[in-house]
Amino acid sequence: MAADASGLVEGTDYVAIKGGEPWKPLNGKIEVVEVFGYVCPACAAFDPLVSAWKSKLPGDVRFSYVPAPFGPEWTPYAKAFYVAESMNLVDRSHSALIREIHVTQTMPGEGDPVDEQAIANFYGKYGANPKDFLSTMNSFSVNAQVMKGRQFMIRSGANSTPTLIVNGKYKVTGNSFEDMLRIASGLIAKERAAGATAPSQG
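Each position in the sequence shown, counted from 1, maps to that position plus 1 in our numbering.
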């Protein structure tokens with residue numbers, strides 16, 4: 002298959018999502034979503050790379066996370082993510098939680114017993130009230146967000162982690178983490194050209 006104007010090849014570098022829509026549409030913004038899981042070892046390895054990449058994104062690009070509820074060890078962390086997001090704690094806590102699960106192993110990982118209290122206590126270090134945090138994790142609204150995230154994943158064909166989705170229209174493939182980010186950058190440029198969205202200056 003031939004490369005398009007962005008230099009990318011559909012079916013090799015990305016999959017076009019039929020009828021795809023952004024996770025959280027915002028006028029004038031190109032959305033990049035990382036579908037991830039806190040207990041996912043590959044996501045832990047990807048985190049330093051994607052964190053550095055997203056810190057350099059231009060102003061017309063918005064980066065969002067969608068936590069995958071793939072199993073009993075994954076779902077409590079997905080619920081906790083949405084609570085933390087509502088409290089504006091994700092930027093400060095995201096990489097720290099990954100380190101505690103995968104590096105210091107002071108938080109439950111894949112194969113460990115689920116411990117929602119430990120998760121709530123972790124966010125207590127960032128200013129949350131653990132009791133309230135735990136209660137909110139199991140609220141109707143948070144469970145609804147988890148379901149909405151699951152529906153986005155199904156719609157986007159995101160059946161593994163980490164997966165990058167650009168503007169709800171393209172699922173990035175690629176042979177390495179670096180390749181995924183290269184492709185995502187190309188798809189951002191493709192969307193910008195299609196929508197005439199200019200990066201903010203300054």
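Glycine included, C-beta positions come from ideal geometry on N, C-alpha and C.
Under the DSSP assignment, residue 147 falls in the alpha helix (DSSP H) whose first and last residues are 141-157. Per DSSP, reduced to three states, the secondary structure at residue 115 is coil, with no helix or strand assignment. Take residue 122, set aside five residues on each side of it, and the residues of its chain with a beta-carbon closer than 6 Å to its own are 131, in chain order. 9 Å or more divides the Cβ of residue 182 from the Cβ of residue 129.
Membership of residue 91 in the alpha helix (DSSP H) is indicated by the continuous run 91-103. Nearest Cα to residue 70 within the set 192, 161, 172, 165: 161. The three-state reading of DSSP puts residue 40 in coil, since its state is none of H, G, I, E or B. Taking C-beta separations shorter than 6 Å and ignoring five residues to either side along the sequence, the partners of residue 110 in its chain run 40, 102, following chain order.
When only Cα atoms are considered, residue 19 and residue 137 end up about 35 Å apart. DSSP places residue 79 in no beta strand (DSSP E) but in the uninterrupted alpha helix (DSSP H) bounded by 76-87. Of the candidates 147, 155, 159, 195, the residue whose Cα lies closest to the Cα of residue 80 is 147.
Judged by DSSP in its simplified three-state form, residue 166 adopts strand. For the pair residue 48 and residue 94, the CB atoms are not nearer than the 9 Å cut-off.
Taking every protein chain shown into account, the CB of residue 38 has 16 or more other CB atoms within 10 angstroms, so this residue is buried.
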